[in-house]
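For the protein sequence lines, the chains are A and B, in the order given.
No gaps in the numbering here: position 11 of the first sequence is 11 in our numbering, and each next residue is one more.
No gaps in the numbering here: position 119 of the second sequence is 507 in our numbering, and each next residue is one more.
Report on one structure; see the data block that follows.
There are 2 protein chains.
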Amino acid sequence: MSTPAHSHNRPTIAILGSGQLAKMMAQAATQLGCRVKVLENRPNPAPLADWEVTLGDWNDPAVLIPFAEGADVVTLENEFIESDALAELEVSGRLLFPPAACLAQVQDKLLQKEALAAANLPLAPFRPVSSPDEVVEAAERWGWPLVLKRRKLGYDGKGNATIRSAAEVAAAWQKLEGGAAALYVEQFCPFDRELAVMVTRARPDVSDEVVVYPVVDTLQRDHICHTVTAPARLPPEWMAAASLTAKRAVEAIGGVGSVGVELFLMSDGQILINEMAPRVHNSGHYSIEGCDCSQFENHIRAILGWPLGSPTLRAPAAAMVNLIGAGDGPAMPMGLRDALAVEGAQIHIYGKDRSMKGRKMGHVTALGPTPEKALAIAQRAAQRLRFG
Amino acid sequence: MSTPAHSHNRPTIAILGSGQLAKMMAQAATQLGCRVKVLENRPNPAPLADWEVTLGDWNDPAVLIPFAEGADVVTLENEFIESDALAELEVSGRLLFPPAACLAQVQDKLLQKEALAAANLPLAPFRPVSSPDEVVEAAERWGWPLVLKRRKLGYDGKGNATIRSAAEVAAAWQKLEGGAAALYVEQFCPFDRELAVMVTRARPDVSDEVVVYPVVDTLQRDHICHTVTAPARLPPEWMAAASLTAKRAVEAIGGVGSVGVELFLMSDGQILINEMAPRVHNSGHYSIEGCDCSQFENHIRAILGWPLGSPTLRAPAAAMVNLIGAGDGPAMPMGLRDALAVEGAQIHIYGKDRSMKGRKMGHVTALGPTPEKALAIAQRAAQRLRFG
């Protein structure tokens, strides 16, 4: 454990990506006096367009390395940047959190599951498959249904196919471009509920501090996070098990900074890890108003080697509702005036260039005496808002 | 009462000034999806340097009018911009809040006091003076001590002189450059405590909504706000009187958006208005974490013609401690690591270019069960931080 040298200049944080996660990280960083610079690979005006944004391909070390010059630390808002390019950035002498090795392991979901399994963490059975026949073999062992998944670039339900019988294997294999794309198969999890836990882990070169946010209930709609309520409605011993599983999972993948852990809760109370997001995560947005120190501020603290803040809820409960684009349309929603009139609703509009069907355009958070009451406030505001 | 037309484009807010007040307004505006552009008249890197900043003289309509082009609304972080230039901006067709007429009245403290007196609001006796003899005449009526003040450009104790006897008049007159500068004189207020109230008033063309934040206790040190605790320790009827006085004072000066009202509490419970700041104000910084809707978000809502949010405290009490430069030094404080370890302390570092003696460099907020307990947390963190 060492303490990083502390220059008294303003730290500069280079963020790869300019979406809503980068925006909320930048807000937390600037509150603490840091400078922020941003690399974005798409030319559209983005939520961070008012900041200093460089346009360029973040998978190209010839772009990445000069961009990061002078930054005290580099971080990112999505886990799909090529880990080889990020490894070159590290070799050039730049600090990157999460580290390239962590991203390499998480990007490839098969490697992610293997790392978690190696740490004896609870998972649904999985195996790589290199032909449709191997999918059928897996079903012979575990039974139907199975979920066929791409090893890379899957998110929000993209890159997945649920297979209910041998007759459906060929179509699923084709849909996911098996052969061209590396796939794996997982036993279908007939889960009762989906939980999530945000964890912030300090830089291992600085301290062994880890903070675990409250376990939350999440509700997905069309594979996209729709609502989050904190704390989850769970018996204390299940809560403790979920927290501990999340903490160990973050350590197993070598996460640094804020990391999202998605969990399945089975009807018998068993908790299985669904997926890891090695970055700030939608299930932790409630922490901006809901917790003493948000997932965004704790991420900034962690990557700068600063002490972590408390993840304690400021109120008995908090809830968040995502604002999802209903179709193509402008960046500002209809109904904003009515939604702002809902007392206690904290409205976040990301300021994206356009609304598109299924695109995350903003969110609403509310605090309350119970998760249900907080959710009712957030939903009252969210229902008045419409993008596209 | 009308409803402003609502385009579904992102509103653009033009802010005159790039200091900490502009920064916190920009944070609130971007959370709500707005764009921000900034005009600054000094070439130093400022807290908003990461945003799009235009350098230029904001007292020059030839700079001001092209800068504000395309902005949906213009606002400001200090009341010293020449009201004539701002009036020209309004004539050019731009919406400005607070309006130029309000600023003209507040900039000249004699006009400010006259407007408040005309509304029958409680003030210490005052009168304009055009010679040292008139100061002595005032003392004959009110007794010593008196406070001699510049009508314009005074703040944080600058431009004031307390006079205890006729023998001190000449020196005070000279110090304040009486003759060259227009002065007025006020009866000295032997106040017990200093209170403040933030008020957010909607645009009168949109609604007659006014929200009043909790009355707070403020402690000044060397004429600079040092700590704020909310709510003030006051009997309910004094609290109600202070709230009502603040609300009426904001209406009397034609304030729009968030306005700070500084009050004196006399030993008999009488409340006198000390001074008005027609903008977001240091005594309301606690509202970022402390209230459902901060003074910054409510200012943005007000100037865009949106419904105002609730000023209710999120916890029983809140406290704020200013971080003041002890001398020349870098923008990041010594002791940050230790201060971040204080649980529940919300640290704001403004990111100014340099620390200077007496300069506001940041602040710390804490919530708690009582004002004293919240203050203890904020002070524990603030005491570990040193600028310069």
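For each residue, glycine too, the CB sits at the ideal point set by N, CA and C.
Cβ proximity to chain A below 7 Å picks out Gln415, Thr418, Gln419, Leu420, Gly421, Arg423, Val424 from the stretch 414 to 426 of chain B. For the set A/Arg164, A/Ala196, A/Leu55, A/Val261, the Cα lying nearest the Cα of A/Phe188 is the one of A/Arg164. A/Ala339 is outside the set of residues whose beta carbon lies under 7 Å from a beta carbon in chain B. Leaving aside the five residues that flank A/Ala26 on each side, the residues in its chain whose CB is nearer than 7 Å to its CB run, in chain order, Ile15, Val36, Leu48, Trp51. When DSSP reads this structure, B/Gln734 sits in a beta bridge with B/Thr753. Listed along chain A, the residues sitting closer than 7 Å to B/Ser698 by beta-carbon distance are Glu343, Gly344. Between the alpha carbons of B/Ala634 and B/Val585 lies a distance of about 6 Å.
Using a C-beta cut-off of 8 Å, the stretch 361 to 377 of chain A makes contact with the stretch 336 to 351 of chain A, since at least three inter-stretch Cβ pairs fall below that distance. In chain order, His396, Asn397, Arg398, Gly421 make up the part of chain B whose C-beta sits under 8 Å from the C-beta of A/Ala331. If you look at A/Phe296, you'll find it in the alpha helix (DSSP H) that goes 295 to 303. In this structure A/Gly388 touches A/Gly327 by the C-beta definition: roughly 4 Å separates them, less than 8 Å.
If the five residues before and after A/Pro128 are omitted, its C-beta is found closer than 6 Å to the C-beta atoms of Leu110, Tyr184, all from its own chain and listed in chain order. Here B/Asp680 is buried, its C-beta having at least 16 other C-beta atoms within 10 Å. Membership of B/Glu760 in any beta strand (DSSP E) is not indicated; the residue belongs instead to the alpha helix (DSSP H) covering 759 to 771. Taking a contact as a CB-CB distance under 8 Å, the pair A/Val211 and A/Asn298 counts as one, their CB atoms being some 6 Å apart.
The beta carbon of B/Ala473 sits closer than 8 Å to those of Trp446, Asn447, Asp448, Pro449, Leu452, all from its chain and outside the five residues before and after it, given in chain order. A distance below 6 Å between beta-carbons, with the five flanking residues on each side excluded, links A/Val256 to the following residues of its chain, in chain order: Phe97, Pro98, Arg201, Arg203.
Counting the other CB atoms within 10 Å of its CB gives A/Gly254 a total of 16 or more, which places it among the buried residues. Interface residue (Cβ-Cβ distance to chain A less than 7 Å): B/His736 is classified as such.
In its chain, beyond the 5 residues on either side, Gly713, Ala714, Gly715, Asp716, Gly776 have a beta carbon closer than 8 Å to the beta carbon of B/Lys745. Neighbours of B/Arg609 in chain A, taken as residues at a C-beta separation under 7 Å, are lacking, since the least C-beta distance is about 23 Å. Sequence-distant Cβ neighbours of B/Arg581 in its own chain, meaning closer than 7 Å and more than five residues away, are Asp605, Leu653. Comparing alpha-carbon positions, the option among A/Glu40, A/Met239, A/Ala339 lying closest to A/Ala376 turns out to be A/Ala339. Contact residues of the stretch 299 to 326 of chain A toward chain B are Arg301, Gly305, Trp306, Pro307, Leu308, Gly309, Ser310, Thr312, Arg314, Ala315 (C-beta to C-beta distance below 9 Å).
At a beta-carbon threshold of 8 Å, the residues of chain A lying near B/Gly750 are Gly33, ordered along the chain. B/Asp680 has a beta carbon lying within less than 7 Å of a beta carbon in chain A. Straight through space, the alpha carbons of B/Gly405 and B/His611 are spaced by roughly 23 Å.
B/Pro721 has its alpha-carbon roughly 9 Å from the corresponding atom of B/Leu711.
In this structure, the beta-carbon distance from B/Leu511 to B/Lys501 falls below 7 Å. Per DSSP, the continuous alpha helix (DSSP H) segment holding A/Leu340 begins and ends at 336 to 340. For A/Leu48, there is no enclosing beta strand (DSSP E), as DSSP marks it with neither H nor E. Nearest CB-CB separation between A/Gly93 and chain B: not below the 7 Å threshold. Only residues of its own chain outside the window of five on either side were considered, and among them Leu427, Asn429, Val451, Phe455 have a CB closer than 7 Å to the CB of B/Gly444, listed in chain order.
Chain order gives the chain A residues near B/Gly739 as Arg10, Thr30, Gly33, Cys34, Arg35, where near means a beta carbon separation below 8 Å. Ranking A/Met239, A/Val199, A/Phe191, A/Pro236 by CA distance to the CA of A/Leu219 puts A/Phe191 first.
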